[in-house]
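The sequence shown begins at 1 in the UniProt record's numbering and counts up by one. Heads up, the beta-carbon is just placed ideally off N, CA and C, and yes, glycines get one too. A quick write-up on the structure given underneath.
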Amino acid sequence: MSDDGIGEKEPGTRRIAVLGEMLELGDTAAQAHWDIGQETGRLGVDIVIAVGGVLAKQLALGAADAGVDTAIVGDNETATTLLEKLLQPGDVVIIKGSRGGMRWQIAQALTGQPITGILS
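Dropping the structure here:
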């Protein structure tokens, strides 16, 4: 396992992060989103799909500055459509955002399975 906590990357595979806005951060929100974008580069993420508005744009700008291919979309449906077009065999996808953003809808649409709870 690598020191990034997400394991070694297999040759020919991509890491795709679908990231929503974190709405609970208050005055530090814009900088925190930029910083998360930067971190995606350090972690070896290949593509970031930022979902939301102004804060998602900050996240995407931070990721792009770190050399990550990025897209900004306004909603879960558009994120799902884009992800379906991008996905290739072997890709690894992480989906994360505030509970209010209901990003679980993206995973549910992709898998065709109900997403009903948190695995522990």
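Are there 16 or more other CB atoms within 10 angstroms of the CB of residue i, so buried, or fewer, so exposed?
i: residue 87; result: exposed
i: residue 133; result: Examination of residue 133 is not possible in this model, given that the chain is present from 1 through 120 alone.
i: residue 38; result: buried
i: residue 21; result: buried
Enumerate in chain order the residues of its own chain whose CB-to-CB distance from residue i is below 7 Å, with the five nearest sequence positions on each side excluded.
i: residue 30; result: 55, 58
i: residue 69; result: 46, 47
i: residue 25; result: 32
Measure the beta-carbon distance from residue i to residue j and round it to whole angstroms, keeping in mind my assumption that it falls under 8 Å.
i: residue 18; j: residue 106; result: 6 Å
Could you check what DSSP says for residue i in three-state terms: helix, strand or coil?
i: residue 106; result: helix
Which residues in the same chain as residue i place their Cβ atom closer than 6 Å to its Cβ, once the five residues preceding and following it in sequence are excluded?
i: residue 46; result: 14, 15
i: residue 96; result: 19
Near residue i, what residues of its chain come up, given a Cβ to Cβ distance below 8 Å and the 5 sequence neighbours on each side ignored?
i: residue 28; result: none
(request) Please list the segments of the beta strand (DSSP E) lying wholly inside the UniProt domain "Mur ligase C-terminal" (10 to 99), counting only runs of 3 or more residues, in order along the chain. (result) Counting whole runs of 3 or more residues, the UniProt domain "Mur ligase C-terminal" (10 to 99) contains the beta strand (DSSP E) stretches 15 to 20, 47 to 51, 69 to 73, 92 to 96.
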